[in-house]
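Numbering (the UniProt record's numbering), first residue to last: 1 to 445. A virtual CB, placed ideally from N, CA and C, is assigned to each residue, including glycine. Worksheet for the structure shown next.
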Amino acid sequence: MCSNFSDLVKEMSGKDRRVLEALLYAIPFLLAQNLVPAIVVLRTQKNSVVRYLWIFWSVFVFYRWLQIPISHGESGAYITKVGLQLFTVILQGFNLILIKPLDKNELLQTKIIDPRDDFQRKTYKVARLFTYLRGVRTPWQVKGIPSHPGYLIQQPKVPISRSAFLIRQAAIVAWLYLYLNCANFLADGNSSPLSKPIYGLGYLRVSREEWRTRIMTSLMFWFAFLRAAVDIDYRTASILSVGIGLDAPEDWPPLFGRAKQAYTLRNFWGTYWHQMFRWPFTATSNYLARELMALPRPSLLERYTNIFFVFLASGVMHVMADLFMGISMSQSTSFLFFCSMTLGIMMEDAVQAAWTRLTDSHHPGRASTVDSDGCAVPCWHKLVGLIWVCGWLSLTTPVWLYSLQMSKDKSSFLVNIPELVGTRTAIAITVGGGLSVKYVFRGEL
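Structure, rendered in structure tokens:
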């Protein structure tokens with residue numbers, strides 16, 4: 001059996017072999033990083049000294065992964081994704097082991113584990129808390145998670161059909177692969193990359209053509225390409241987990257919200273964008289701002305310090321990703337980009353507060369037109385808000401993308417559709433497939 005597998009690996013192309021080797025090499029790291037904290041939670045008391053020893057183990061595992069030689073091309077993306085997962089386990093471990101510690105008794109009370117489960121099943125269920133960071137169907141489920149589409153929910157309180165879920169996910173994954181394949185193929189042939197980012201008032205000297213490139217690149221990046229790149233991994237994982245019976249379809253709600261909801265920066269990050277890291281990020285920021293610094297609540301200082309720490313944690317995580325991609329700390333602009341979101345949110349909050357006071361002074365006693373779920377927001381408010389969000393992203397995103405662009409090699413796909421059928425045909429298939437996914441399977445936009 002082993003010899004047959006070895007022969008199969010040797011027959012693979014160099015590109016496929018490097019990807020397979022990277023994935024196989026990652027398995028022991030992922031198991032060590034996710035299973036050990038799960039066992040610590042199950043086997044130790046909340047105040048146990050052993051829990052502090054876990055810190056050294058988890059950091060050691062991540063450090064060893066950092067020692068992997070920089071790899072671009074086929075395996076580089078997988079090495080980066082594994083590295084991010086190993087890093088986020090450290091943050092989630094601080095949350096569930098030290099900041100707001102869980103133990104076996106609490107897990108039983110919250111029905112995360114069942115007394116009838118064997119040890120392996122209990123370990124898997126707890127390890128999910130370190131891997132699936134949205135806390136779906138747990139007491140810690142984060143805000144802003146979209147509900148399942150009506151295509152899957154035929155009747156309330158009736159379990160989602162496993163076959164319908166898998167067919168829909170597979171169809172969307174196939175289209176996402178086709179879209180990303182075409183998008184990368186066209187991007188690889190683009191001869192006008194972003195110029196070096198310009199800071200401060202230097203923006204005033206950017207040419208009209210450069211502004212057009214920056215705006216289009218930023219909007220396509222956030223509302224199309226990056227969303228698709230993250231979504232395809234999530235949906236593929238859902239197919240595997242639900243297909244082999246580890247999870248139910250209800251455990252895998254859509255990852256992204258609707259683009260029309262992104263009419264403020266708060267909504268962009270808290271409703272439209274995925275919430276995969278919100279649980280550990282907010283737990284860490286709450287601990288730093290409210291417990292360690294003991295900032296008064298409620299107060300503007302605590303609110304924006306908390307927001308800053310969330311984006312700071314995100315910046316740290318993306319700096320780690322930059323290191324895996326061969327971008328040095330001095331070249332990385334992840335800190336600058338993500339921390340700038342705090343400033344953007346402060347600006348939009350100030351404008352909204354001023355507008356509310358102005359309108360209330362002219363119409364005293366009138367209820368606010370801005371509802372928390374956005375239902376009562378006038379259309380023109382949303383339009384102005386979308387222009388604001390797109391403008392802020394167009395100002396800040398090129399600064400972040402420039403260093404990423406410089407480290408990017410030619411894209412690699414196992415099957416390159418544009419090369420097989422031609423660019424125009426591939427684009428036509430992509431457009432037709434997108435319409436089919438939208439209207440047949442009610443794909444989210």
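For G315, the closest of L395, Y25 and L84 by C-alpha to C-alpha distance is L84. Annotation: C390 to W380 spans about 15 Å, alpha carbon to alpha carbon. For T282, the enclosing alpha helix (DSSP H) has its first and last residue at R278 to N286. Secondary structure in the segment 75-116: no beta strand (DSSP E) run of 3 residues or longer lies completely within the stretch.
If you ignore the 5 residues before and after R162, its C-beta comes within less than 7 Å of the C-beta of V242 and P249, all in its own chain and listed in chain order. Between T264 and G385, the CB-CB gap stays under 7 Å. Closest by C-alpha distance to D103, out of I68, G245, T213 and V126, is V126.
By the CB criterion at 7 Å, T333 and V399 fall inside the cutoff.
In the assembly as shown, T271 is a buried residue. Its beta-carbon has 16 or more other beta-carbons within 10 Å.
Inside the segment 205-229, DSSP marks no whole beta strand (DSSP E) run of 3 or more residues. Comparing alpha-carbon positions, the option among I232, L194 and Y287 lying closest to W175 turns out to be I232. DSSP, reduced to helix, strand and coil, places F256 outside both helices and strands of the structure shown, so it counts as coil. Spatial neighbours of A171 in its own chain (CB-CB distance under 7 Å, excluding positions within 5 residues in sequence) are listed in chain order as V437 and F441. F281 is not a Cβ neighbour of A259, given a cutoff of 7 Å. Per DSSP, reduced to three states, the secondary structure at T425 is helical. Counting the other Cβ atoms within 10 Å of the Cβ of I244 gives fewer than 16, which makes it exposed. In the assembly as shown, F185 is a buried residue. Its beta-carbon has 16 or more other beta-carbons within 10 Å. Shown here for N95: same chain residues with a beta carbon closer than 6 Å to its own, the five before and five after excluded, namely P280 and A283 in chain order. In the three-state reduction of the DSSP assignment, I145 falls in the coil class.
In this structure, N286 keeps its C-beta atom at 7 Å or more from the C-beta atom of F130.
In the three-state DSSP reduction, Y402 falls in the helix class (H, G or I). A Cβ-Cβ contact shorter than 7 Å links S394 with S218. The C-beta of D322 has 16 or more other C-beta atoms within 10 Å across all chains shown, which makes the residue buried. Annotation for N184: the continuous alpha helix (DSSP H) segment containing it runs R162 to D188. Of the other Cβ atoms in all chains shown, fewer than 16 fall within 10 Å of the Cβ of A376; this residue is therefore exposed. In the DSSP assignment, Y124 falls within the unbroken alpha helix (DSSP H) covering F119 to T131. Three or more Cβ pairs closer than 8 Å define a contact, and the segment 78-93 meets that threshold against the segment 23-38. Excluding its 5 nearest sequence neighbours in each direction, W140 has C-beta neighbours in its own chain below 7 Å: W279, listed in chain order. DSSP places A294 outside any alpha helix (DSSP H), giving it a letter other than H or E.
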